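Under the numbering used here, the first residue of the sequence shown carries the number 946, and numbering increases by one thereafter.
The C-beta atom is built at its ideal place from N, Cα and C for all residues, glycine as well.
Please read these numbers as outputs of a predicted model, since none were measured by experiment.
Step one of this worksheet: look at the structure below.
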Amino acid sequence: MSTEILERELMALEVQGIVNISQITKTRKKVKLINQERLNPDILKQRT
Numbered sequence: 946m947s948t949e950i951l952e953r954e955l956m957a958l959e960v961q962g963i964v965n966i967s968q969i970t971k972t973r974k975k976v977k978l979i980n981q982e983r984l985n986p987d988i989l990k991q992r993t
């Protein structure tokens, strides 16, 4: 999975209110699950 796709998917999860993303360093981020009830299990399956 490319970095661009990962960034896009994480942004979509943040917009949906499922995760909170915070920048730790220039190249590292912390992702925290904040709303497990809204998490769709299909979203965790690898996309092609």
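For I950, the enclosing alpha helix (DSSP H) starts and ends at T948 to V960.
In summary, L978 is exposed, with fewer than 16 beta-carbon neighbours lying within 10 Å of its beta-carbon over all protein chains present. In this structure, the straight-line span from the alpha carbon of E949 to that of E982 is close to 27 Å. When rounded, the separation of the alpha-carbon atoms in N980 and Q968 is 19 Å.
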